[in-house]
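Chains as they are written, first to last, in the working numbering: chain W, 1 to 445; chain B, 1001 to 1410.
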């Protein structure tokens, strides 16, 4: 039996950069580092205008348990602390650092010779100090995931190498270029949570990555490397767990740990390895710069805070007719109005689409074909949810599960009437959540 | 959105111009009151900033469209259309084209009259018109498909909001309207297969009097009609004279041997419904394209087949001919092309199964105990009305729920 989840769709893959080795981008002259790039409590800025900073120096401290610090990604002078446009669709307090060209690191970062035998608490401490937040896109602080409550033991660590978004290849390249580090990172994750088993899930359009990791595993029995059929959204946490273990994460607020699983993206594994072994903070990441309107699509290792424009220039610049700029893949990516936004910890790709690809289509009425129903990976009725949300019948929408939508966009992708299903559903979902927050506030007041 | 003032700093700071970085940072510090001073360079810089189109994800769409689906479905009916022309002459083809054209013209005309946006290009009106004609006896006058198509579009489809909103299958509702209004044309205008090869007629003959082609009063009727009448005689045999009883018994046996003819379509019947094989070729492509769900047609056909076997025989239970009940009449056309109509059938998988079973049961009841020899179209129309209810009752179990929590909330 083929291992996969139920539902989903198979968009064209467009993996233009699968055989492009990761290139290191020259350190930028200037970085804009948003102080909060993770889900959770915002960080507090601990530098001021005019301060000299070195690479790896914390520029914020966590604002709570579900919060991580942010670090300077270049050495130089703090030029400004203030609101700046971010790729998350809003302005975020950011620290602007101008490079002094020295590339000097802070002193207290050094390899730990005994890194392989650190305690779980030490792993969590180093991961947090390194400012790690999930690098697959959701950006949830990693140390929180590594600290499951005692009543929810984790038996299986799942390493997400699915990379189901069209165009993106940053994880693919990491699997080819740093397989040992990924496995070491995975082992540290398993060590931190006491899991016995590690499963790596890779879609079968990356047989070379599967082969590479297989050989890297060697004779070890605790790591399984699995091939999954290509299907979107296989890389979604719940769907990947289901594909590899047949377990179903309960609906929100259910979490993977409720079914004994923990999912880490391959990029996060590398960062965890670097954090534990070298105490190296997260100051750079691999970004796929690609799309139908990019001259030379590439995989680039870029410093956090580098403007998108720098990466795009490195990839040969725009082609004529560049109409849409995305952070992330075309299925779930966030569309940007400008390329001055900075790379953040969750930037897995920069996709530039041509006017033709970005064209809007008129919505026709639903013809009841049921394609969205068959494709919904969480078994909702997208067309009904969208209709209820459009008519502002939020109670009804909540009854049939609007809050359980994972916003993967598969329904919108498959709709022959070109209805903006997930957009309507998102509206319903946010409204219901706002209504709920209000009613709890009332109750507590 | 960000004001141009705040937007400029990083824009003017590509790595090869380290100077502009400091200048930009300085500008970011400036309050709105100070803004006018650095404004002139800001504006020129702003022009060089590329702006992109914003939209909510996903940013990629499947190539599939309503138009493509409708046109493909219509094209898959072409083999059956040509088959009908071969069996029933040019007349059958012309009637089909008249039906299609009438539907498209009705939609265009009505939308023009009410100054609405024309939707004929989505292809659904054409499909409706073709299906109206497919459900007509091949000997009907030209105005029958015109009225049927007009009714389908003007009464059943557009007043409810057009494509996607009509509760009933327009083509079948059109046929029901014709059957109620011109029952003689709709039940007596059958033509025998290859009538056009008889002397005095040609392939291109338009004017034909169906009654004149009758040999013994029943020969031009559809197999289902013949079977129903014969079965009636056979079941209460005592009340009929022996010769009539024997004739009925012969007729019935003859029909049983006709299964191949039924499958190929060289028998009397509606224009598009006779050739099961040609319809199945089209349907196979629809399966391949994932335009139809197997659940509805297969459950529909299975129920009729099993029911026909159980109740359709002359010698008590389980003596019926399942294949006869599957291939005779409009079951294949109905199951693959009408009961799978996206708009008027359930969207859930379980719902489609229920829909098919319901269609099968109603078809059986009409065929076995109802007043008509055939019940496929009424079965589908009746089940169309239950679609919203079925959809409501078959809300799927949601991911991560146990069966009980999903149903409790639905």
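Note that beta-carbon positions come from the ideal geometry of N, C-alpha and C, so glycine has one too. Please read all numbers here as calculations on a predicted model, not as lab measurements.
Beta-carbon gap between residue i and residue j smaller than 7 Å
i	j	result
residue 72 of chain W	residue 46 of chain W	no
residue 1102 of chain B	residue 1129 of chain B	yes
residue 1272 of chain B	residue 1191 of chain B	no
residue 44 of chain W	residue 276 of chain W	no
residue 244 of chain W	residue 219 of chain W	no
residue 376 of chain W	residue 7 of chain W	yes
residue 1164 of chain B	residue 141 of chain W	no
residue 1359 of chain B	residue 1300 of chain B	yes
residue 241 of chain W	residue 223 of chain W	no
residue 1390 of chain B	residue 1362 of chain B	no
residue 327 of chain W	residue 266 of chain W	no
residue 41 of chain W	residue 281 of chain W	no
residue 28 of chain W	residue 310 of chain W	yes
is_contact[residue i, chain D] using C-beta, thresh 7 Å
i	result
residue 249 of chain W	The question asks about chain D, but that chain is absent: this structure's protein chains are W and B.
Min CB distance residue i to chain W below 7 Å
i	result
residue 1356 of chain B	no
residue 1060 of chain B	yes
residue 1141 of chain B	no
residue 1021 of chain B	Note that residue 1021 of chain B scores 37 on pLDDT, short of 50, meaning its location in the model is unreliable; the coordinates nonetheless yield the value given after this. So, interface residue.
residue 1164 of chain B	yes
residue 1342 of chain B	yes
residue 1394 of chain B	no
residue 1336 of chain B	no
residue 1071 of chain B	no
residue 1065 of chain B	yes
residue 1027 of chain B	Caution is warranted here: a pLDDT of 37 is assigned to residue 1027 of chain B, below 50, making its placement in the model unreliable, and no coordinate value can be reported.
residue 1244 of chain B	no
residue 1350 of chain B	no
Cutoff 7 Å: residue i Cβ touching any chain B Cβ
i	result
residue 366 of chain W	yes
residue 358 of chain W	yes
residue 324 of chain W	yes
residue 232 of chain W	no
residue 417 of chain W	yes
residue 167 of chain W	no
residue 379 of chain W	yes
residue 428 of chain W	no
residue 332 of chain W	yes
Residue environment, residue i, which counts as buried when at least 16 other CB atoms sit within 10 Å
i	result
residue 1442 of chain B	Look at the range of chain B in this structure, 1001 to 1410, and you will see that residue 1442 of chain B is not part of it.
residue 332 of chain W	buried
residue 168 of chain W	buried
residue 1251 of chain B	buried
residue 1351 of chain B	buried
residue 14 of chain W	buried
residue 1203 of chain B	exposed
residue 237 of chain W	buried
residue 436 of chain W	exposed
residue 337 of chain W	buried
residue 1345 of chain B	buried
residue 116 of chain W	exposed
residue 1063 of chain B	exposed
residue 384 of chain W	buried
residue 302 of chain W	buried
Identity of the residues DSSP links to residue i by a beta bridge
i	result
residue 84 of chain W	W/92
residue 303 of chain W	W/284
residue 335 of chain W	W/326
residue 1278 of chain B	Residue 1278 of chain B pairs with nothing; no bridge assigned.
residue 71 of chain W	W/58
residue 34 of chain W	W/94
residue 201 of chain W	W/160 and W/226
residue 294 of chain W	W/318
residue 99 of chain W	W/76
residue 273 of chain W	Beta-bridge pairing links residue 273 of chain W to no other residue.
residue 471 of chain W	Shown here, chain W extends from 1 to 445; a query on residue 471 of chain W therefore has no answer.
residue 141 of chain W	W/133
Residue i: CB within 6 Å of a non-hydrogen atom of the ligand FMN
i	result
residue 398 of chain W	Of the ligands one can find in the structure shown there are none, so the ligand FMN has no counterpart to examine.
Runs of alpha helix (DSSP H) lying entirely within the segment 340-384 of chain W, each at least 4 residues, in chain order: The qualifying runs are 371-375.
Runs of alpha helix (DSSP H) wholly within the segment 1247-1309 of chain B (minimum 4 residues, chain order): Listed in chain order, they are 1259-1264 and 1276-1288.
Whole runs of the alpha helix (DSSP H) within the segment 1043-1096 of chain B, excluding any shorter than 4 residues: Positions of the alpha helix (DSSP H) runs, each at least 4 residues long and wholly inside the segment 1043-1096 of chain B, are given as 1066-1076 and 1078-1088 in order along the chain.
Alpha helix (DSSP H) runs contained entirely in the segment 232-258 of chain W, provided each spans 4 or more residues: Restricted to the segment 232-258 of chain W, the alpha helix (DSSP H) segments that are unbroken, complete and at least 4 residues in length are 237-245, listed in chain order.
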